[in-house]
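Heads up: take any position in the sequence shown, counting from 1, add 82, and you land on this note's numbering.
For glycine and all other residues, C-beta sits at the position ideal for the given N, C-alpha and C.
Remember, it's a predicted structure, so these values are computed and weren't measured experimentally.
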Amino acid sequence: MTRLAVIEKEKCNPNNCGNYLCIRFCPVNRTGKECIIEGEDFKARIQTELCTGCGICPKRCPYGAIHIINLPEELDTKIIHQYGDNGFHLYSLPTPMFGKVVGIVGKNGIGKSTAIKILAGVLKPNMGGEKEAEIDQIIEFFKGSEAQNYFEKLKAGDIKVSYKPQAIDQLPKLYKGTVKELLQKVDETGQLNEVAERLDLNPVMDNDISKISGGELQRLAIAGTVLKKANLYLFDEPTSYLDIKQRIRLSKFLRELASKDTAVLVIEHDLIVLDYMADLAHIMYGKEAAYGIVSHPKPTRTGLNIYLQGFLKEENIRFRDHVIAFPDKPPIKDKARPILAEWPVLKKQLGSFSLEAEQGSIEQHRVIGILGANGIGKTSFVRILAGELQPDEGEMKQLKVSYKPQYLTSDNSLVAAKLKDAARHEVQLMRPLDLKGLMTKRLNELSGGELQRVTVAECLAREADLYLLDEPSAYLDVEQRLELAKIINDRLQDSGASALIVDHDLLFAEAVAERLIVFDGQPAVHGILKGPYSMEDGMNTFLSDLNITLRRDPESKRPRINKEGSQKDREQKEKGKLYYQ
Ligand code: SF4
């Protein structure tokens with residue numbers, strides 16, 4: 083066995099833990115040896131060779147900063163990169179393949195960004211040693227695999243990488259000017275007009291970057307990446323803030339980008355879209371902040387099923403103790419509940435955009451998903467419910483609303499200050515959202531996923547009649563999304579409140595909601611709210627507007643998009659069963 087002793091330095095807080103609690107409780111230290119010592123940076127440091135793996139220090143550390151992990155010995159020879167003595171370990175790398183879209187699926191915090199930086203040549207791997215490895219060592223390491231070909235090209239200077247980072251919310255802080263000006267600046271291919279057309283950016287070309295929506299920012303970031311001349315394109319979560327139609331269009335666009343001279347690598351947590359987009363998939367598994375292992379590439383269907391199973395048969399490795407399962411039948415319709423709020427026909431004119439809501443109601447203690455295109459009035463309806471906007475026609479009872487906006491903002495303030503109410507909900511929020519270790523950080527130091535968890539906790543901690551969460555799944559990994567669905571439902575159990583969840587990930591919508599509101603109409607022109615419906619009726623209404631059907635994978639039961647016009651697509655449309663079969 084190889085033993086890893088990892089300390090998350092930013093969580094280690096000796097002044098507040100009781101003066102190096104881990105040192106005081108370590109049984110090896112008690113015999114007079116120095117297994118855990120005070121490091122030069124005043125954080126705890128573990129001398130791995132003295133550690134017996136007793137497991138006491140991870141339990142004692144109040145901040146969850148220590149991880150002691152036993153791994154199979156053969157991994158010793160496979161280490162690609164290690165961050166310092168007690169730092170994160172990365173084993174192996176994903177393999178870009180020319181002519182293919184290769185997907186990467188896995189938890190947050192297990193080295194996807196490190197892997198991408200190594201492929202991009204931004205980070206030189208050290209193969210577990212103290213010095214950066216020479217390129218020939220790396221080629222030798224990957225001898226006989228597809229990656230050998232890649233690193234040989236990298237050595238010859240034949241690889242040029244273009245990378246779209248995850249956090250597109252930062253773009254307006256980094257660049258000034260209009261969408262067109264930015265794209266003109268980065269265009270090395272001379273294909274600006276074609277790319278803008280494919281990514282539907284023409285209507286916002288003259289808009290200032292600081293004024294465009296998250297979905298537009300995402301498409302701008304993708305366009306900027308594609309307009310650079312490169313032969314490896316890396317996309318970190320390219321679908322956040324895009325609606326389903328845009329996700330499907332983007333999938334087709336990225337598939338066309340892959341050619342015999344071009345490789346495309348995509349990190350994505352929307353499994354329905356990744357399945358549609360990628361030819362092959364790597365599974366990344368491990369322990370957050372401690373180590374990450376990259377599986378061999380698998381055909382996407384098989385790879386995603388293995389990921390949901392949590393078991394790699396060929397390697398005989400179980401990386402999750404439970405299977406992620408999906409229902410293949412719609413939920414049984416339960417009894418009606420007392421009404422929390424109802425609305426007559428509502429109308430609201432907002433500049434050239436008109437919003438109309440059919441008569442409807444929200445029951446008490448109910449989670450309702452909201453599906454619809456971007457720019458179709460979802461946020462405006464939510465603002466009417468929150469009392470921020472008055473309808474022109476129709477009246478709404480004022481509710482006490484707690485609102486999580488779609489776009490996340492951060493500043494220099496402490497997470498602890500933002501979570502002072504949430505801290506009272508240890509079992510319901512702090513523990514399941516894994517927030518304790520973030521309390522001493524500043525908001526602008528958090529990753530996208532961490533900031534999302536903090537913002538969701540802040541929203542759910544407030545007392546309210548109705549929780550409105552706008553795209554809470556953005557930047558969360560698959561497991562965090564499913565956990566969040568449970569957290570929201572548990573919170574409502576206690577408070578008796580209801581929740582409206584706007585989201586574009588259909589798997590998350592299925593996991594979190596019992597009813598669906600569907601928006602129809604034409605983005606930026608006219609939006610019509612319909613429902614709430616039962617899940618089955620809601621999904622059918624939503625997908626028939628999009629002209630999409632989804633079949634169930636026979637093994638994992640996860641939904642997969644049917645090819646338009648295929649036999650399955652035609653059959654399901656005839657039966658009117660577009661989502662559940
Ligand atoms: Fe204290 Fe935990 Fe740091 Fe050890 S690792 S010094 S117990 S905060």
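Check: Relative to the alpha-carbon of residue 602, which residue among 459, 373, 368 has its alpha-carbon at the smallest distance?; Outcome: 459
Check: Ignoring anything shorter than 3 residues or poking outside the segment 144–178, list the beta strand (DSSP E) runs there in chain order.; Outcome: 148–153, 161–164, 171–173
Check: For residue 107, which of helix, strand or coil comes out of DSSP?; Outcome: helix
Check: Does residue 507 pass the burial test, meaning 16 or more other C-beta atoms within 10 Å, or should it be called exposed?; Outcome: buried
Check: Between residue 372 and the ligand SF4, is there a pair consisting of the residue's CB and a ligand heavy atom that are separated by less than 6 angstroms?; Outcome: no
Check: Name the residue from 647, 383, 497 whose alpha carbon lies nearest to the alpha carbon of residue 641.; Outcome: 383
Check: Quick one: does the C-beta of residue 148 sit closer than 6 angstroms to a heavy atom of the ligand SF4?; Outcome: yes
Check: Could you name each continuous beta strand (DSSP E) segment of 3 residues or more that falls completely within the segment 350–406, going from the start of the chain to the end?; Outcome: 362–369, 373–376
Check: Note down, in chain order, each residue of its chain lying with its Cβ closer than 7 angstroms to the Cβ of residue 628, except the 5 sequence neighbours on either side.; Outcome: 326, 327
Check: Of all the beta strand (DSSP E) runs that stay within the bounds of the segment 464–496, which reach a length of 3 or more residues?; Outcome: 483–486
Check: Using the C-alpha atoms, what's the distance from residue 403 back to residue 129?; Outcome: 30 angstroms
Check: Is it the case that the CB of residue 208 approaches a heavy atom of the ligand SF4 more closely than 6 angstroms?; Outcome: no
Check: Let's test the definition: count the other Cβ atoms within 10 Å of the Cβ of residue 652 and tell me whether it reaches 16, buried, or not, exposed.; Outcome: exposed
Check: Please identify the residue among 185, 376, 475 whose C-alpha is closest to the C-alpha of residue 163.; Outcome: 376
Check: State buried or exposed for residue 395, treating a residue as buried only when at least 16 other CB atoms are found within 10 Å of its CB.; Outcome: exposed
Check: Using only the heavy atoms of the ligand PLP, determine whether one of them is closer than 6 angstroms to the beta carbon of residue 102.; Outcome: Only the ligand SF4 can be found as ligands here, which leaves the ligand PLP out of the picture.
Check: In the DSSP assignment, what are the bridge partners of residue 246?; Outcome: 317
Check: I want to check one thing, is the minimum distance from the CB of residue 257 to the heavy atoms of the ligand SF4 below 6 angstroms?; Outcome: no
Check: The ligand SF4 and residue 126: does the residue's C-beta get closer than 6 angstroms to at least one heavy atom of that ligand?; Outcome: yes
Check: How is residue 563 classed by DSSP in three states: helix, strand or coil?; Outcome: helix
Check: For the ligand SF4, any of its heavy atoms closer than 6 angstroms to the Cβ of residue 664?; Outcome: Lying before the first or after the last residue shown, residue 664 is absent from the chain, which here runs from 83 to 663.
Check: Quick one: complete beta strand (DSSP E) runs, 3+ long, within the segment 265–331?; Outcome: 314–318
Check: How about residue 450 and residue 582: are their beta carbons less than 7 angstroms apart?; Outcome: yes
Check: Hey, out of 553, 591, 320, 342, whose CA is closest to residue 249's CA?; Outcome: 320
Check: Just to confirm before moving on: does the CB-CB distance between residue 554 and residue 536 stay below 7 angstroms?; Outcome: no
Check: Do residue 462 and residue 437 have their C-beta atoms within less than 7 angstroms of each other?; Outcome: yes
Check: I want to check one thing, is the minimum distance from the CB of residue 94 to the heavy atoms of the ligand SF4 below 6 angstroms?; Outcome: yes
Check: Suppose only complete runs of 3+ residues qualify. What are the beta strand (DSSP E) ranges in the segment 572–619, listed by chain order?; Outcome: 580–584, 597–604, 608–616
Check: Excluding the 5 residues flanking residue 448 on each side, which residues of the same chain have their C-beta closer than 7 angstroms to its C-beta?; Outcome: 419, 580, 596, 597
Check: So does the segment 89–96 actually touch the segment 143–153, counting three or more Cβ pairs closer than 8 angstroms?; Outcome: yes
Check: Is the beta carbon of residue 261 sitting closer than 7 angstroms to the one on residue 243?; Outcome: no
Check: Return helix, strand or coil for residue 661, following the three-state DSSP convention.; Outcome: coil
Check: At what residues does the beta strand (DSSP E) containing residue 428 begin and finish?; Outcome: 428–432
Check: Assign residue 405 to buried or exposed, taking buried as 16 or more other Cβ atoms, counted over all protein chains shown, within 10 Å of its Cβ.; Outcome: exposed
Check: Going by the CB atoms, is the gap between residue 475 and residue 192 shorter than 7 angstroms?; Outcome: no
Check: Is residue 423 closer than 7 angstroms to residue 444 when the C-beta atoms are compared?; Outcome: yes
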